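Chains as they are written, first to last, in our numbering: chain S, 90 to 334; chain B, 845 to 1024. Even glycine gets a Cβ: it sits at the ideal position worked out from N, Cα and C. In this text the structure is predicted, and so the values were computed from the model without any measurement.
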Amino acid sequence: METQSEEQAAAETADSRGEGEPPQVAGAQAARPEDRMTLLLRLRAQTKQQLLEYKSMVDANEEKTPEQIMQEKQIEAKIEELEKEIEEAKIAFEMKKLALDRMQLSSALKKHLEKINTKTSVLMDNMKQILSLNKLVMKSQQETRDVEEKLLDVRKKRLQLKQASERKLLEIQSEKNKQKDDLASMENSGKIKTIQQNLEMEIQITTVIQHVFQNLILGSKTNWAEDPALKETVLQLEKNLTTIQ
Amino acid sequence: MSVLRPLDKLPGLNTATILLVGTEDALLQQLADAMLKEDCTSELKVHLAKSLPLPSNVNRPRIDLIVFVVNLHSKHSLRNVEESLHHVDATFFLGKVSFLATGAGRESHCSIHRNTVVKLARTYRSPLLFCDLEIGDFRVTMAQRLVRMLQICAGHVPSVSALNLLSLLQSSENPSLEDL
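Pasting the structure below:
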């Protein structure tokens, strides 16, 4: 048994207030065996209880609540966002640094140029050469651009021509088809007409012949009803040919 | 900034450790003495601290019960306790923390209203005990109570766990008794 003040705990000054009384555990050693048994039993119960507590603690810690999972997900999303921000900041910083470097370089160059003789320096020559080269580059670029434009124009024209020829071909084809159809219809109509005319004429001729034959038989004054063959012929001549068609 | 966690160490055999946190050194010492005088089957260890967090360079046994002592006569003690509470792990509040308000007997000296302490204890879902530690008999009674609670928290009472101590909340949350 002891009292210990945490404020002075660095010195580990355990108060010896409990020393006056006999500590229970130590006292049990001198006691009878029955007492020792009860002590052991009590210790067993204590240990069991403590084990149970630890077990329940472990069980409780193992289960992850949905809230925790959600929290973890949120944290991960947040981390990603923050990393993105860091990247953006880094890029911005790099850009700024580059711009600053360029500015410093240009100012240094300017100062340097002011100091030295401008006509004889290598730098000026270099710069002039660079300028002329740049002009050349720009000129050639302009040329290539012109050529490209021409090429584009030509291509455009070709495409237009192609489209026009396609349209014309289509027109020609449709025209041809039309002509064919017309011809066919025309031919058909002419033939039918002539055939019909021919038929009518033939019918008329046949009717006339029929009448002639009838009158011939009637004029011969034979009894056509007696001869079955003759009867058949006469009856046949009675048929109106216009109804045949 | 170390957070105090329960059950992070193995328990000592037949030992139960209580941590008293409060600004009133003398009162805490008296209470500790009273607790040690109690007849108890377990070996008691009483640690006193003015505030949390505790120094981390000390090897201390597993702490089974924390008692925050608030003196109703000084606002400083309440603020100290409130700040110390941040250094206690949430799982400690499953019955292993209790508040002890002292000095309610002399109402004229009180600078903190009782309701403030009641609210504090209710916020942390921990039992609140009232006791005038300056009066000897009361102190002895409180020591008995604390020893019993400590034994339960340390797991020395079979089939009763610290969670059962939360039933103490019912009496403290009953406003009719407190306000009358």
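Does DSSP classify residue i as helix, strand or coil?
| i | result |
| --- | --- |
| Ile910/B | strand |
| Leu944/B | strand |
| Val932/B | strand |
| Leu330/S | helix |
| Leu977/B | coil |
| Pro111/S | Legend: pLDDT at Pro111/S = 35, less than 50; position of this residue unreliable, value from coordinates given subsequently. Looking at Pro111/S - three-state DSSP - the assignment turns out to be coil, as it is neither helix nor strand. |
| Leu898/B | coil |
| Leu938/B | coil |
| Leu848/B | strand |
| Asn312/S | coil |
| Asn915/B | strand |
Counting only beta-carbon separations shorter than 8 Å, does residue i have a partner in chain S?
| i | result |
| --- | --- |
| Leu851/B | yes |
| His1000/B | yes |
| Ser1005/B | yes |
| Thr885/B | yes |
| Leu1024/B | Note that Leu1024/B has pLDDT 41, beneath the 50 cutoff, so the model's placement of it is unreliable and the number below is only indicative. It does not; no Cβ of chain S falls within 8 Å. |
| Asn822/B | Lying before the first or after the last residue shown, residue 822/B is absent from chain B, which here runs from 845 to 1024. |
| Pro971/B | no |
Hey, is residue i's beta-carbon within less than 8 Å of any beta-carbon in chain B?
| i | result |
| --- | --- |
| Gln135/S | yes |
| Leu202/S | no |
Taking residue i as the reference, which of the options has the closest Cα?
| i | options | result |
| --- | --- | --- |
| Leu854/B | Lys894/B, Pro905/B, Asn901/B and Leu888/B | Pro905/B |
| Ile910/B | Ile979/B, Asn903/B and Leu872/B | Leu872/B |
| Val961/B | Asp976/B, His953/B, Ser952/B and Leu944/B | Leu944/B |
| Ser900/B | Phe936/B, His920/B, Arg849/B and Pro1002/B | Arg849/B |
| Leu1007/B | Leu875/B, Asp908/B, Ser886/B and Thr885/B | Asp908/B |
| Phe936/B | Phe912/B, Cys954/B, Asn959/B and Arg923/B | Phe912/B |
| Asp817/B | Leu916/B, Asp933/B and Glu882/B | Nothing about residue 817/B can be read from this structure; chain B reaches only from 845 to 1024. |
| Ser921/B | Leu972/B, Val865/B and Lys881/B | Val865/B |
| Ile956/B | His917/B, Gly980/B and Val991/B | His917/B |
In chain order, what are the residue ranges of uninterrupted alpha helix (DSSP H) at least 4 long that sit wholly in the region 850–896 of chain B? 869–881
The region 138–157 of chain S: which residues have C-beta closer than 7 Å to a C-beta of chain B, in chain order? Gln138, Gln139, Glu142, Tyr143 and Met146
Closer than 8 Å between beta carbons: that is the criterion. Which residues of the region 121–133 of chain S meet it against chain B? Arg131 and Leu132
At 4 residues or longer, and completely inside the region 246–291 of chain S: list those alpha helix (DSSP H) runs for me, N to C. none
Uninterrupted beta strand (DSSP E) stretches inside the region 148–176 of chain S (no shorter than 3 residues): Here no run is fully enclosed.
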